[in-house]
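Remarks on the structure that follows.
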Amino acid sequence: MLVLGIETSCDETGLALYHSEQGLLADGLYSQVALHADYGGVVPELASRDHVRKITPMFEQLLKKANITKSEIQGVAYTAGPGLVGALMVGACWGRSLAFGLGIPALAVHHMEGHLLAPLMEEYQPKVPFTGLLVSGGHTLLVRVDHIGAYQPLGETVDDAVGEAFDKVAKMFGLDYPGGPHIAKLAEQGDPLRFKFPRPMVDRPGLDFSFSGLKTSVMQMIRKLGGEPNNAYTSGVGLSLQDQADVAAGFEVAVVETLALKCRRAMKASGHSQLVVAGGVSANVRLRARLLEEGRKHGFEVFYARPEYCTDNGAMIAHVGCLRLDAGQSTPLDVAVRARWPLSELKALA
Ligand code: KG4
Ligand code: ZN
């Protein structure tokens, strides 16, 4: 089955064609980062309007790239949530209409399931059962996966998501959104041992996370070093580049060590031997290396998508769409999108 996938949940327009036997045929991604840069975050209305502008020309380009005509498409999968409602509506209405016009089935895809199963597109891929760690800009979640499509939450963040913490710390340094890659780059030059930031909630049992206190510790450290965190009213931090890099490295290590410890606990609790790490933050080099080391030490395998499929993309949506449509699932004609959508509400594949 050949499926078109559409991702428009936030600030990336992603389109892809995925075939059940041949795998990924082609994909295209347009990032709106520059559009939102002056605002320090994603402006929902601007995001929706830009998806409208980009989606049709990107679709034409995708067909050319894959050298197919639209009549060869057998199913359409679109992200229906969680995300920005206006942005989601663009992909959902456009995708649903295309499917109606072509007389083919359509499927509403859960964005986080797209992330979670993206490592299954790789050659080195996990098999169920596995435990998943989902780390993105809006989610920090550990899930038990005994069957594809059925997700049991094991733990989640009680406040900020990991990606959000990276973004907020980046903002303190006056770095652009999304901040994760900028903090990671800054941290490369830093001494990770100079500052020891708290590892939130590691001394309590359980698998929940909290990252907002860590962000506050970073803010206090910037002040202690004689600087002032960047905000909407003041710019610049007044710290040497080395101090900034050391703080960034200390922060990144605190995040990574916290995630490593929780993953080790989760693997023990689930009894699984495979850990799947997905979502934008799973592109982080220090996190990837640390979890692989954790797996080697404690006897579990660790799986990732390649970095470009860790962050938002159309391929992961086309992939999940293909799995579910192939299993006979589809979504009726009414177009519904959801800002919030618990992963546990999804139905198992077969
Ligand atoms: O999955 P994603 O692309 O979008 C959401 O579904 O939220 O994740 C975006 C998040 C942002 O918070 C971004 O700062 C973070 O992932 N991120 C990173 C890295 N690349 C992206 N965080 C840390 N290190 C990275 N290399
Ligand atoms: Zn995402």
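Here the sequence shown stands for residues 42 to 391, where the numbers follow this note's numbering.
All residues carry an ideal CB built from backbone N, CA and C; glycine is no exception.
Everything numeric in this text was worked out from a predicted model, so none of it was measured.
Distance, Cα to Cα, residue i vs residue j?
{"i": "A147", "j": "G279", "result": "53 Å"}
{"i": "H92", "j": "P167", "result": "33 Å"}
{"i": "P239", "j": "G204", "result": "17 Å"}
{"i": "G55", "j": "G267", "result": "43 Å"}
{"i": "S253", "j": "L143", "result": "47 Å"}
{"i": "H360", "j": "Y59", "result": "6 Å"}
{"i": "E48", "j": "H152", "result": "8 Å"}
{"i": "G336", "j": "S371", "result": "37 Å"}
{"i": "S138", "j": "L174", "result": "34 Å"}
{"i": "A307", "j": "A75", "result": "38 Å"}
{"i": "K111", "j": "G196", "result": "42 Å"}
{"i": "E154", "j": "G190", "result": "8 Å"}
Using a Cβ cut-off of 8 Å (strictly closer), state whether residue i contacts chain D.
{"i": "G247", "result": "Of the protein chains in this structure there is only one, and it is not chain D."}
Assign residue i to one of two classes, buried (16 or more other C-beta atoms within 10 Å of its C-beta) or exposed (fewer than that).
{"i": "H188", "result": "exposed"}
{"i": "Y80", "result": "exposed"}
{"i": "V199", "result": "exposed"}
{"i": "S281", "result": "exposed"}
{"i": "Y334", "result": "A small fix is needed here, since residue 334 is Glu in this sequence, not Tyr. Exposed, by the Cβ-count rule."}
{"i": "D232", "result": "exposed"}
{"i": "G220", "result": "buried"}
{"i": "P246", "result": "exposed"}
{"i": "S311", "result": "buried"}
{"i": "Y165", "result": "exposed"}
{"i": "A330", "result": "exposed"}
{"i": "R264", "result": "exposed"}
{"i": "Q315", "result": "buried"}
Considering only the alpha carbon of each residue, which of the options lies closest to residue i?
{"i": "A389", "options": "E334, G132, V169", "result": "V169"}
{"i": "E86", "options": "T97, T352, Q73", "result": "Q73"}
{"i": "D244", "options": "E62, M262, T181, K303", "result": "K303"}
{"i": "S385", "options": "I145, P194, Q115", "result": "P194"}
{"i": "K237", "options": "Y218, A330, M357, V294", "result": "V294"}
{"i": "Y218", "options": "E113, A330, T97, H77", "result": "H77"}
{"i": "P373", "options": "E53, F141, Q261", "result": "F141"}
{"i": "S177", "options": "M99, D353, H339, E113", "result": "D353"}
{"i": "E163", "options": "D375, V317, A211", "result": "V317"}
{"i": "I224", "options": "G122, Q285, L332, R235", "result": "Q285"}
{"i": "P348", "options": "S323, E62, G362", "result": "S323"}
{"i": "G362", "options": "D52, S61, E53, S50", "result": "S61"}
{"i": "P383", "options": "A88, L183, A118, I96", "result": "L183"}
Quick one: what's residue i bridged to in DSSP?
{"i": "D68", "result": "A57"}
{"i": "E342", "result": "Q315"}
{"i": "A147", "result": "V117"}
{"i": "L45", "result": "L58, V117"}
{"i": "F250", "result": "T198"}
{"i": "L122", "result": "This sequence places Gly at residue 122; Leu is not what is there. Note: G122 sits in a beta bridge opposite H151."}
Any beta strand (DSSP E) of 3 or more consecutive residues that is wholly inside the segment 140-221
147-151, 171-176, 181-188, 191-197
4-residue-minimum alpha helix (DSSP H) runs that sit fully inside the segment 279-315, ordered along the chain:
282-311
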